[in-house]
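Student: The sequence shown begins at 803 in my numbering and counts up by one.
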Amino acid sequence: MRVSARVARRGWRLAARMARLAIGLPDYEAYLAHMRECHPERPPMDRTAFFAERLNARYAKGRSRCC
């Protein structure tokens, strides 16, 4: 029973992560892993600042776009 519940939770997390990526939401957990691995000397942004920065990077004016 424990194994099947664990597998189900893992599957649910993977499905949720894939859905967020499919609709363009940034992955905060992946960002934290990247910061720990590549920039351990720098403190990571909190979740709110991370999403605000990602939205600004995506929709900011002055960005070269086709439309």
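From the three backbone atoms N, C-alpha and C, an ideal C-beta is built for every residue, glycine too. In this text the structure is predicted, and so the values were computed from the model without any measurement.
In terms of residues, what are the limits of the alpha helix (DSSP H) holding residue 826?
Tutor: From DSSP, residue 826 is part of no alpha helix (DSSP H); its letter is neither H nor E.
Student: Out of curiosity, what's the CA-to-CA distance linking residue 815 and residue 809?
Tutor: Rounded to the nearest angstrom, the two C-alpha atoms are 10 Å apart.
Student: Measuring only the C-alpha atoms, how far is residue 848 from residue 862?
Tutor: 20 Å
Student: Return the first residue and the last residue of the alpha helix (DSSP H) that residue 855 is part of.
Tutor: 849 to 861
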